[in-house]
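J.:
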Amino acid sequence: MLRPRRALRLPALRLPAPRLTTPREGIVRGLHLGVAPVVAATTCLADGLGPARGAVAAGLALGGSVLTDVLLGPEPLTPADHVTLFRSSLVAAQAGRLVAGGLAGGGHPTRGAPDKDRRTVAQAAVFTLAIGLDAVDGQVARRTGGSTQRGWRFDLEADAAAIAVLAAMMVHRTGWVLVPGSLRYVFGGVRQVVPGLRGGLQPRLSRRVAAGGSMVALVITTWPQVPGHAVHLLSAGAATALLASFGRDSVDLLRGASR
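2 is the number of the first residue of the sequence shown in our numbering; add one for each residue after it.
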């Protein structure tokens, strides 16, 4: 008589469940969501755009903040992530303000004739704070031991978004800002087409100096007190430095792939 074979039982594969956001952190992240619409509406009112455009800017800024929060996922944020999320909210606020105000409209449409120079102190102050916090989140990550791959990517995308919005604000002054504003996304698209550019890069001080110096130069151009010729020089310098940095990185990646 043949005995039925026993079914082979394999040990269950237990994957660590992702840590979800705690109620306390959920409240903090909710406060982050409120930063963007408040700053967007306040900036619009300070620039004389009126309450209607302020409401539109607040809605657009809130949508950008919600999208950022969704992309981050439910995992708890590190202290450095909270700093990056705050400056991302500032960038979302300025993006909403630009769309609501209209890139082709004047900076003070409710105060008479449109102004050719649409830079305002309110916009410049918010951009300066957002760019300045870029140096803070890195320090916080190192001091708290909270450096993560997700935090590094989040910081990188926050920088790219800030420069893109800043470029959209300043494009009426000089076309040079289009280079730093789009370079990160152009390089990312080329990497998807050219396999040799998908490798990793070693940390290099010159890359950090080029990126940091370019961001400082560009944020200086947002202040209305800076004259037009200085705006062109600073923007051209930032574009040249970033092009040289990205070009060197591309050469290094292609050489590494060929080896």
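Glycine included, every Cβ here is placed at the ideal spot set by N, Cα and C.
Taking D118 as part of the alpha helix (DSSP H), name the residues at either end of that continuous run.
T.: The count along the sequence shown starts at 1 and reaches residue 118 at position 117. Careful: D118 lies outside any alpha helix (DSSP H) and carries neither H nor E.
J.: Between A1 and G182, which are expected to be in contact by the criterion C-beta below 8 angstroms, what is the C-beta distance as a whole number of angstroms?
T.: For residue 1 there is no data in the structure shown, the boundaries of the chain being 2 and 260.
J.: Am I right that C45 and R98 are in contact with their C-beta atoms under 8 angstroms? What's the rounded C-beta distance?
T.: Numbered from 1 along the sequence shown, position 44 holds the residue referred to as residue 45. Numbered from 1 along the sequence shown, position 97 holds the residue referred to as residue 98. Contact holds; Cβ gap of about 6 angstroms.
J.: Check each candidate in V178, R144, S251, G213 and name the one with the smallest Cα separation from V195.
T.: Position 194 of the sequence shown holds residue 195. Comparing Cα positions, the closest option is S251.
J.: Tell me which residue opens and which closes the alpha helix (DSSP H) that H173 is part of.
T.: Taking the first residue of the sequence shown as position 1, residue 173 is located at position 172. Note, H173: premise wrong, no alpha helix (DSSP H); not H, not E.
J.: Excluding the five sequence neighbours on either side, which residues of its own chain have a C-beta within less than 6 angstroms of the C-beta of V232, listed in chain order?
T.: As a working note, residue 232 is residue 231 in the sequence shown. Cβ neighbours of V232 beyond the five flanking positions: R174, T175, T222.
J.: Which word fits V220, buried or exposed, when buried means at least 16 other C-beta atoms lie within 10 angstroms of its C-beta?
T.: Here residue 220 refers to the residue found at position 219 of the sequence shown. With 16 or more Cβ atoms within 10 Å of its Cβ, V220 is classed as buried.
J.: By Cβ distance below 6 angstroms, which residues in the same chain neighbour W224 in space, the five residues on each side in sequence not counted?
T.: Position 223 of the sequence shown, counted from the start, is the residue given in the question as residue 224. A125.
J.: How do the stretch 58-68 and the stretch 32-46 stand: do at least 3 beta-carbon pairs fall below 8 angstroms, yes or no?
T.: With the cut-off at 8 angstroms, the stretch 58-68 and the stretch 32-46 touch.
J.: Is the CB-CB distance between G146 and A96 below 8 angstroms?
T.: Indexing the sequence shown from 1 puts residue 146 at position 145. Indexing the sequence shown from 1 puts residue 96 at position 95. Not in contact: G146 and A96 (Cβ atoms no closer than 8 angstroms).
J.: What residue from V122, L157, L202 has the CA that sits closest to D138's CA?
T.: Working through the sequence shown from its first residue, we reach residue 138 at position 137. Nearest C-alpha to D138: L157.
J.: Which residue's Cα is closest to the Cα of V67: R154, A218, V36?
T.: Within the sequence shown, residue 67 is the residue found at index 66, counting from 1. Considering only alpha carbons, the answer is V36.
J.: Is it buried or exposed, T54, if we count other Cβ atoms within 10 angstroms and call 16 or more buried?
T.: Locating residue 54 in the sequence shown gives position 53, counting from the first residue. As written in the sequence, residue 54 is Arg, which differs from the Thr given in the question. Buried is the call here.
J.: Looking at C-alpha atoms only, which residue of L244, D135, A142, L198 is the closest neighbour of V217?
T.: As a first step, residue 217 is located in the sequence shown; it is residue number 216 there, counting from the start. Out of L244, D135, A142, L198, D135 has the C-alpha closest to the C-alpha of V217.
J.: With V141 and V191 assumed to form a contact (beta carbons below 8 angstroms), what rounded beta-carbon distance in angstroms separates them?
T.: One-based indexing of the sequence shown puts residue 141 at position 140. One-based indexing of the sequence shown puts residue 191 at position 190. So it is not a contact: roughly 32 angstroms between Cβ atoms.
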